[in-house]
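Chains as they are written, first to last, in the numbering used here: chain A, 1 to 157; chain B, 1001 to 1157.
Just so it is clear, CB atoms sit at the ideal spot from N, CA and C, and this is done for glycine as well.
Bear in mind the structure is a predicted one, so any value in this text is a computation, not a measurement.
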DNA sequence: TTGCATCCCATAAAATACCATGCTATACCA
DNA sequence: TGGTATAGCATGGTATTTTATGGGATGCAA
């Protein structure tokens, strides 16, 4: 039995004409062990699909409810945005989910998708876009790293 | 069996001359599993119909009753409006509810309706109006998001 | 009896569950 | 350590079920 439930690794899978993709086996295992379901939505910040367990969304719902007023405009906007876009995805006996046209379009995915672990969440990218994004992130980190170090000690590398 | 009961996704359905609409299958599943019923009322804040399970309204009522400190006059008025306007909608064997003229008029719905998940609640819009509303919300959030981030750390694209 | 509302049936389309296969990664044994 | 057997996984195809939706029948009320 697993102790830690985090989405990790980067896995490429094919997307067929129906939009079917195998959810990486390890992701499936997590969802099963948590006795939860997958929820996907369009990322707000990047051209990719984002996914998490339904449990996490449930927590988010609770948080929105407690931190904003029942009749407030903010609660209205937030819930519309989050839950209006999200959708449950149950996987079949072979471990596949069927992504919607809306999601695939937003991520620019046609016949191949790449799953990127993000801990409690994961993302699904068009592989080419992800390659660029990963490069950007890595260079970004390298740019920031010396700055952070200088502040603390004296800089390195 | 489902653990989490949240209305999600955005689904377009037709409204026939009798005012009949199919409640999205997933919404029905939630209502059934909660062994509850659908309640709809005119949204107080937007030109749309709002719906939730009877259970939620029950909770709201209970909260008002048990709340020690008196509610403000406005809040009281709001709850009056909601409960006064709300009505049960049972769906038939094919999963349809019959919306009233009053509700349809308030939302400007004629032959097509779009269901928007909001977590514990959902909304029913005229598709065109919803398109505008969604755009408004997205731009609103994009404006606010950087602000929220700057307060915490240093902001991000 | 007539109008209105509810219920039931039929059908086409779409979503989803199932089956089969080849491949890959893992485990096992010499 | 190297080779082989095994189990798990991704993937293509097919069958079945569910869902949306139009039309009609039934029952109640005015």
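Assigned secondary structure, residue i (DSSP; H/G/I helix, E/B strand, else coil)
| i | result |
| --- | --- |
| residue 134(A) | helix |
| residue 139(A) | helix |
| residue 1039(B) | strand |
| residue 1109(B) | coil |
| residue 31(A) | helix |
| residue 67(A) | helix |
| residue 1003(B) | coil |
| residue 1014(B) | strand |
| residue 1053(B) | strand |
| residue 91(A) | coil |
| residue 84(A) | helix |
| residue 121(A) | strand |
Reference residue i, options the options, closest by Cα
| i | options | result |
| --- | --- | --- |
| residue 112(A) | 4(A), 21(A) and 10(A) | 21(A) |
| residue 1012(B) | 1117(B), 1076(B), 1094(B) and 1040(B) | 1117(B) |
| residue 88(A) | 1014(B), 1016(B), 1027(B) and 1015(B) | 1027(B) |
| residue 1035(B) | 1043(B), 1056(B), 1045(B) and 1115(B) | 1056(B) |
| residue 1004(B) | 43(A), 60(A) and 10(A) | 60(A) |
| residue 29(A) | 6(A), 15(A) and 85(A) | 6(A) |
| residue 1045(B) | 127(A), 70(A) and 110(A) | 70(A) |
| residue 105(A) | 47(A), 31(A) and 25(A) | 47(A) |
Length of the line joining the Cα atoms of residue i and residue j
| i | j | result |
| --- | --- | --- |
| residue 1058(B) | residue 1065(B) | 11 Å |
| residue 1083(B) | residue 91(A) | 39 Å |
| residue 1138(B) | residue 1132(B) | 10 Å |
| residue 14(A) | residue 124(A) | 12 Å |
| residue 107(A) | residue 1076(B) | 45 Å |
| residue 144(A) | residue 130(A) | 21 Å |
| residue 1016(B) | residue 1042(B) | 20 Å |
| residue 72(A) | residue 1063(B) | 17 Å |
| residue 1115(B) | residue 1009(B) | 8 Å |
| residue 54(A) | residue 1054(B) | 22 Å |
| residue 33(A) | residue 1085(B) | 43 Å |
| residue 1134(B) | residue 81(A) | 8 Å |
| residue 136(A) | residue 142(A) | 10 Å |
| residue 1040(B) | residue 1093(B) | 19 Å |
| residue 1031(B) | residue 1025(B) | 10 Å |
Cβ-based neighbour list, residue i, same chain, cut-off 7 Å, excluding 5 preceding and 5 following
| i | result |
| --- | --- |
| residue 98(A) | 18, 19 and 20 |
| residue 1140(B) | none |
| residue 121(A) | 7, 50, 51 and 52 |
| residue 2(A) | 33 |
Whole-angstrom C-beta distance between residue j and residue i, which should lie under 8 Å
| i | j | result |
| --- | --- | --- |
| residue 103(A) | residue 38(A) | Not a contact, Cβ separation roughly 12 Å. |
| residue 79(A) | residue 1119(B) | 5 Å |
Cutoff 6 Å; reference residue i; Cβ partners in own chain excluding five residues on either side
| i | result |
| --- | --- |
| residue 1095(B) | 1022, 1023 and 1028 |
| residue 68(A) | 74 and 75 |
Same chain, Cβ closer than 8 Å to residue i, neighbours up to 5 away in sequence not counted
| i | result |
| --- | --- |
| residue 100(A) | 19 and 87 |
| residue 1127(B) | 1012, 1112, 1113 and 1114 |
| residue 110(A) | 15, 104 and 126 |
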